[in-house]
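J.: Protein chains in written order, with our numbering: chain A, 2 to 306; chain B, 2 to 306. Let me give you the structure first, and then I'll get to my questions.
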């Protein structure tokens, strides 16, 4: 049974204090699929691009066993483009432009065999589209959903409707506060879990991530990095690593979900080490496990020697 | 050998969204001594108050085996007073007033037996005063130093001079960025350690704390709290729990320093559960150990089951 991923596929122009790239591969579905591909194969991608989408990118995704039957290529249209600039303090980002192009009229249609997927990762796109994908799946068993501030602002009701069908909801700390209008994150987490998702993950960037379940609060550290080359896609890579690991292990015990959070954090840390998707293109499973162990080293302590 | 603590002793008027208090016990030396008193006895306090300082407060400190021979009581002067207001988002605080009073001409003079102390916690006060205390100690073995944004802004050169004589420096994330003008915390930590302190702790409030030593980065979670009644003194309580535990155990191994960070976080979490010093007045060592274990539960994960 494959892992189904929906989200954006984009060409990103990104500027950071270190470098800049033009029309590099990006988009939530791209990052999620690549990060998940190290755990699950194949990953079924649902998305849309224009006929300007470079062949080298489809080839790279296929090399990672990403199934692209669900990637619509719209003739005469251009691929979704996003331009952003990060400042010296990488927590601050300006969107320079957003050209929806082929994405504007995206109507996700799942190839028949995708409909049998049990594990689904709804990457960050309009919650109506996320719902439309979910409705085509015959028996969704484990649904992970990511979002962003834009949808909380503009489409809160659609998002709330979707949350009732979601098992794991992932968002960042400012989004959690925005969604609940509650400054205390622990209270905000409680309120969000009442909206539907049994499992909630709040991403906190350089401060790591927190996992909330019925009986667990788990605090995962961030990987300590002196240089972050390009923060784009970190959250998507987290979602991909998290979902991919759970899809691989099929173990939804609290202990294994904690491990999935660390694998998500691991993939996010690799993502930001290079521009665009480069940090996720050439990893070995050994590298991933080594970094997982580094996360343990950073956060473990004992009561006595 | 006792633990020597210097800092402010104050009467605080604090308002939060939950309640308000007038002229309640506060000050960095007070919180540090109380938090440390659960690990080390006696704690030798160096500070100054006016003759308006309520007897009930000296009695309470003495009940916790805090040695007050080093607490100067200035006749005809009033005790240092601070007034602050916390907003709904408790990360934001306004100082309403600061009356230095007896503190204005504070000249710390150590009673002779204090001079033999080996473990010293320099609580947050003017770095010139911190230095003046340190210079009176005959053979300081382990010096912990806390500070605040005010001294980084106004007395950076004095602070830098002091840092060369300090083994552990504690400050918060925004202060670390301010001191180094470096937004990346991992880089900032490296720069600060080059200023002198072998061990650096960066407090991150609701995001926990980070420990940096020569070969260790350790990320400690915050205790998840739905209601923080009064954040005043949390950082001081951290310093007190941290130093007190190390003074008690006399073990400066990396593993034990990590534990000290968790004991510091534990004392900070008790501090903010009640107004003023109330959260630190009636604890049992069993309660402290239980919470220490909760920190383990929050942050531990294994590679396999």
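By construction, the Cβ of each residue, glycine as well, lies at the ideal position given by its N, Cα and C atoms.
1) Report back the beta-carbon spacing between residue 72(A) and residue 48(A) to the nearest angstrom; my notes put them in contact at under 8 Å.
2) Taking only three categories from DSSP, how would you classify residue 133(B)?
3) For the beta strand (DSSP E) containing residue 101(A), list its first residue and its last residue.
4) Would you kindly work out how many angstroms separate the C-alpha atoms of residue 169(A) and residue 147(A), rounded to a whole number?
5) Spell out a yes or no on whether the region 272 to 290 of chain A and the region 193 to 200 of chain B are touching, meaning 3 or more CB-CB pairs, one atom from each, closer than 8 Å.
6) Name the DSSP bridge partner or partners of residue 13(B)?
7) Relative to the C-alpha of residue 234(A), which candidate in 145(A), 303(A), 203(A), 269(A) has its C-alpha closest?
8) Evaluate the contact criterion for the region 82 to 98 of chain A versus the region 15 to 26 of chain A: three or more CB pairs, one atom per stretch, below 8 Å.
9) Between the alpha carbons of residue 129(A) and residue 295(B), how many angstroms are there, rounded?
10) Going by C-alpha distance, which of 207(A), 303(A), 216(A), 252(A) is nearest residue 1(A)?
11) Roughly how many angstroms lie between the CA atoms of residue 151(A) and residue 193(A), to the nearest whole one?
12) Contact criterion: CB-CB distance below 8 Å. Does residue 185(A) meet it with respect to chain B?
13) Cβ of residue 286(A) less than 8 Å from any chain B Cβ?
14) The alpha helix (DSSP H) spanning residue 228(A) covers which residue range?
15) Would you mind giving the Cβ-Cβ distance between residue 126(A) and residue 38(A), rounded to the nearest angstrom? I have them listed as a contact below 8 Å.
16) Among the candidates 92(A), 205(A), 188(A), whose CA atom is the shortest distance from the CA of residue 226(B)?
17) Based on Cα-Cα distance, which residue from 100(B), 106(B), 276(B), 297(B) lies nearest to residue 222(B)?
18) Can you check whether the C-beta of residue 55(B) is within less than 8 Å of a C-beta belonging to chain A?
19) Rounded to whole angstroms, what is the Cα-Cα separation between residue 60(A) and residue 173(A)?
20) Just to confirm, is the Cβ distance from residue 149(B) to residue 176(B) under 8 Å?
21) Of the residues that make up the region 239 to 253 of chain B, which ones have a beta carbon closer than 7 Å to any beta carbon in chain A?
22) Anything in chain A within Cβ reach of residue 208(B), meaning under 8 Å, just list it in chain order.
23) List the endpoints of the continuous alpha helix (DSSP H) containing residue 163(A).
24) State the beta-bridge partners of residue 94(B) as determined by DSSP.
25) Locate the alpha helix (DSSP H) running through residue 176(B), then write down its first and last residues.
26) DSSP puts residue 120(A) in a beta bridge; with which residues?
27) Does the beta-carbon of residue 158(A) have 16 or more other beta-carbons within 10 angstroms, so that it is buried, or is it exposed?
28) Leaving out the 5 sequence neighbours to the left and right, which residues in its chain are closer than 8 Å to residue 299(B) when beta-carbon positions are compared?
29) In chain A, what lies closer than 7 Å to residue 89(B) by C-beta?
30) Can you list, in chain order, the stretches of the beta strand (DSSP E) that have 3 or more residues and sit fully within the region 208 to 289 of chain B?
31) Short check: CB of residue 33(B) to CB of residue 6(B), under 8 Å?
32) Using a Cβ-Cβ cut-off of 8 Å, state whether residue 303(A) counts as contacting chain B.
33) With a cut-off of 8 Å, does the C-beta of residue 220(B) fall near any C-beta of chain A?
34) Let's see if you can read the secondary structure: which residues bound the beta strand (DSSP E) around residue 126(B)?
35) Residues of chain B with CB under 7 Å from residue 76(A), in chain order?
36) Can the beta-carbon of residue 212(B) be found less than 8 Å from the beta-carbon of residue 36(B)?
T.: If we stick to the structure as given:
1) Confirmed, about 5 Å.
2) In the structure shown, residue 133(B) sits in a helix (DSSP, three-state: H, G or I).
3) Secondary structure note for residue 101(A): it is in no beta strand (DSSP E), with a DSSP letter that is neither H nor E.
4) Rounded to the nearest whole angstrom, the C-alpha separation of residue 169(A) and residue 147(A) is 9 Å.
5) The region 272 to 290 of chain A, when compared against the region 193 to 200 of chain B, does not touch it at the 8 Å Cβ threshold.
6) DSSP lists 25(B), 83(B) as partners of residue 13(B).
7) The alpha carbon of residue 234(A) has as its nearest neighbour, out of 145(A), 303(A), 203(A), 269(A), the alpha carbon of 269(A).
8) Taking 8 Å as the limit for Cβ pairs, the verdict is that the region 15 to 26 of chain A does touch the region 82 to 98 of chain A.
9) Cα-Cα distance, rounded: 40 Å.
10) This structure leaves residue 1(A) out entirely; chain A is present only between 2 and 306.
11) Here the alpha carbon of residue 151(A) sits roughly 17 Å from the alpha carbon of residue 193(A).
12) Yes, residue 185(A) counts as interfacial toward chain B.
13) Taking Cβ atoms only, chain B never reaches closer than 8 Å to residue 286(A), which makes this a no.
14) Run containing residue 228(A): none; DSSP gives neither H nor E here.
15) Their Cβ separation, rounded to whole angstroms, is 20 Å, which puts residue 126(A) and residue 38(A) out of contact at 8 Å.
16) Checked all of 92(A), 205(A), 188(A); the closest Cα to residue 226(B) is 188(A).
17) Comparing Cα-Cα distances from residue 222(B) to each of 100(B), 106(B), 276(B), 297(B), the minimum goes to 297(B).
18) In terms of beta-carbon proximity, residue 55(B) stays away from the interface with chain A, with every pair separated by 8 Å or more.
19) Distance from the CA atom of residue 60(A) to the CA atom of residue 173(A), rounded to whole angstroms, is 32 Å.
20) Residue 149(B) is a Cβ neighbour of residue 176(B), given a cutoff of 8 Å.
21) Of all residues in the region 239 to 253 of chain B, none is placed with a Cβ closer than 7 Å to any Cβ belonging to chain A.
22) For the C-beta of residue 208(B), the chain A residues within less than 8 Å are, from N- to C-terminus, 205, 208, 209.
23) Taken as a continuous stretch (DSSP letters only), the alpha helix (DSSP H) holding residue 163(A) covers 157 to 164.
24) Paired residue(s): 87(B).
25) Counting along the chain, the unbroken alpha helix (DSSP H) around residue 176(B) starts and ends at 174 to 181.
26) Partner(s): 4(A), 143(A).
27) Sixteen is the threshold: since fewer than 16 other Cβ atoms of the shown chains lie within 10 Å of the Cβ of residue 158(A), the residue is exposed.
28) Cβ neighbours of residue 299(B) within its own chain (closer than 8 Å, five residues either side excluded): 222, 224, 225.
29) The contacting residues are 184.
30) The qualifying runs are 210 to 213, 218 to 221.
31) The Cβ-Cβ distance between residue 33(B) and residue 6(B) falls below 8 Å.
32) It does; some Cβ of chain B falls within 8 Å.
33) For residue 220(B), the closest Cβ of chain A is nearer than 8 Å.
34) Unbroken run through residue 126(B): none, as it is neither H nor E.
35) The contacting residues do not exist; residue 76(A) stays about 45 Å from chain B at best.
36) No, these two residues do not count as a Cβ contact at 8 Å.
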